[in-house]
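Counting from 1, one number per residue, gives the positions in the sequence shown under full-length UniProt numbering.
Think of the CB as a built atom: it goes at the ideal place given N, C-alpha and C, for glycine as much as any other residue.
Predicted model, so just to flag it, every value in this text is computed and none were measured.
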Amino acid sequence: AFYAIPLVSVMYAGRIGDLELAGATLGNSWATVTGIALMTGLSGSLETLCGQGYGAQVYRMLGVYLQASIITSALFSVLVSLLWLYTEPLLIFLHQDPEVSRMAAVFLRYTIPAQFAFGFIQCILRFLQTQSVVMPLVAFSLLPLVFHVGITHASVHYLGLGFAGPAMSTSLSLWLSFIMLASYVMLSTRFKQTWGGFSTEAFQYVLPGLKLAVPSAMMVWSVHLRRSQIHSLIAS
Numbered sequence: 001a002f003y004a005i006p007l008v009s010v011m012y013a014g015r016i017g018d019l020e021l022a023g024a025t026l027g028n029s030w031a032t033v034t035g036i037a038l039m040t041g042l043s044g045s046l047e048t049l050c051g052q053g054y055g056a057q058v059y060r061m062l063g064v065y066l067q068a069s070i071i072t073s074a075l076f077s078v079l080v081s082l083l084w085l086y087t088e089p090l091l092i093f094l095h096q097d098p099e100v101s102r103m104a105a106v107f108l109r110y111t112i113p114a115q116f117a118f119g120f121i122q123c124i125l126r127f128l129q130t131q132s133v134v135m136p137l138v139a140f141s142l143l144p145l146v147f148h149v150g151i152t153h154a155s156v157h158y159l160g161l162g163f164a165g166p167a168m169s170t171s172l173s174l175w176l177s178f179i180m181l182a183s184y185v186m187l188s189t190r191f192k193q194t195w196g197g198f199s200t201e202a203f204q205y206v207l208p209g210l211k212l213a214v215p216s217a218m219m220v221w222s223v224h225l226r227r228s229q230i231h232s233l234i235a236s
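Following this line, the structure appears as structure tokens:
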């Protein structure tokens with residue numbers, strides 16, 4: 001459901017006009033290649049680290065690894081955000097229509113906050129999946145999606161936000177998702193062994209975690225390339 005949130009925004013952008021639909025579609029494709037794939041891959045290191053910690057019954061370390069992964073995700077999100085600020089010239093360099101590229105750049109500019117939230121969400125999802133937490137994830141993914149449909153509809157038809165509305169709604173909905181998941185982890189007694197609160201110890205595991213996170217990110221990114229995301233951008 002977290003992946004469906006940006007798609008809903010693209011659909012509502014299409015209700016504004018054809019140029020807006022083209023811009024949102026191109027922007028979403030560019031975001032998938034340069035951001036979403038990277039964030040999904042980076043969080044993959046938690047599967048190994050949390051799996052080892054859980055198997056060795058060193059439960060406290062799962063929370064430390066989670067925080068280290070979120071720090072890593074935040075750092076890479078800053079880099080991705082800087083890249084997105086140059087979306088228009090980069091897309092034009094890739095032979096995209098200038099007007100569509102301009103609209104895609106506007107769409108991504110308002111989606112930058114969502115990039116951070118999406119990366120954090122992926123980290124928490126890995127943390128929960130390692131502990132075989134399933135059903136709560138269904139609720140915490142569907143509720144923000146329902147909220148997103150409502151707020152996106154309002155932004156387009158009632159709030160007068162125009163093309164920026166769907167993109168802003170994406171950021172708002174994904175941050176809501178992250179806050180819900182983070183609150184669940186911090187407040188639920190189910191994680192009293194694996195979540196011991198915030199710790200500066202997490203910074204010690206950022207660099208070691210990168211040794212696993214970067215190869216994982218490259219693997220996921222290459223899969224997206226094989227699915228012809230970047231090729232469709234160049235050929236369109």
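> Given that a residue counts as buried once 16 or more other Cβ atoms are within 10 Å of its Cβ, and exposed if not, what is N166?
Replying inline: Locating residue 166 in the sequence shown gives position 166, counting from the first residue. Correcting the residue identity first, residue 166 is Pro in this sequence and not Asn. P166 is buried by the Cβ-count criterion.
> DSSP on D18, reduced to helix/strand/coil?
Replying inline: Working through the sequence shown from its first residue, we reach residue 18 at position 18. The answer is helix: DSSP assigns D18 an H, G or I state.
> Should Q204 be labelled buried (16 or more other beta-carbon atoms within 10 Å of its own) or exposed?
Replying inline: For the purposes of this step, residue 204 is identified with residue 204 of the sequence shown, where counting begins at 1. When all chains shown are included, Q204 counts as exposed.
> So S177 packs on M168, CB below 8 Å; how close in whole Å?
Replying inline: Locating residue 177 in the sequence shown gives position 177, where the first residue counts as 1. Locating residue 168 in the sequence shown gives position 168, where the first residue counts as 1. About 15 Å separates the two Cβ atoms, so there is no contact after all.
>> On the criterion of 16 or more Cβ atoms from any shown chain inside 10 Å, does L75 qualify as buried, or is it exposed?
In response: Position 75 of the sequence shown, counted from the start, is the residue given in the question as residue 75. Answer is exposed; the Cβ neighbour count stays below 16.
>> Looking at the secondary structure, which residues open and close the alpha helix (DSSP H) in which S199 lies?
In response: Residue 199 sits at position 199 when you count from the first residue of the sequence shown. Note, S199: premise wrong, no alpha helix (DSSP H); not H, not E.
> Are there 16 or more other CB atoms within 10 angstroms of the CB of S43, so buried, or fewer, so exposed?
Replying inline: Translated into positions along the sequence shown, residue 43 becomes position 43. The residue is buried, with at least 16 neighbouring Cβ atoms inside 10 Å.
>> Using a 10 Å radius around the Cβ and a threshold of 16 neighbouring Cβ atoms, would you call G23 buried or exposed?
In response: On the sequence shown, residue 23 is found 23 positions in, with the first residue counted as 1. Buried is the call here.
> What does a CB cutoff of less than 6 Å around A37 pick up in its chain, not counting 5 residues either side in sequence?
Replying inline: Numbered from 1 along the sequence shown, position 37 holds the residue referred to as residue 37. Same-chain partners within the cutoff: V220, W221 and H224.
> Among the residues of its own chain, which have a CB less than 7 Å from the CB of E201, if the five just before and after it don't count?
Replying inline: On the sequence shown, position 201 is the one that residue 201 refers to. Counting only Cβ-Cβ distances below 7 Å, and skipping sequence neighbours, we find V64.
> On the three-state DSSP scale, how would you describe F147?
Replying inline: The count along the sequence shown starts at 1 and reaches residue 147 at position 147. Helix, per DSSP.
> Count the other CB atoms within 10 Å of the CB of L7; is the residue buried (16 or more) or exposed (fewer)?
Replying inline: Sequence index remark: in the sequence shown, residue 7 carries index 7 (1-based). Classification for L7: exposed.
> Quick one: what does DSSP say H153 is sitting in, helix, strand or coil?
Replying inline: What you label residue 153 is simply residue 153 of the sequence shown in a count that begins at 1. Of the three classes helix, strand and coil, the one that applies to H153 here is helix, per DSSP.
> By how many angstroms is the C-alpha of S188 removed from the C-alpha of residue 297?
Replying inline: Nothing about residue 297 can be reported from this structure: the residues present for the chain run from 1 to 236 only.
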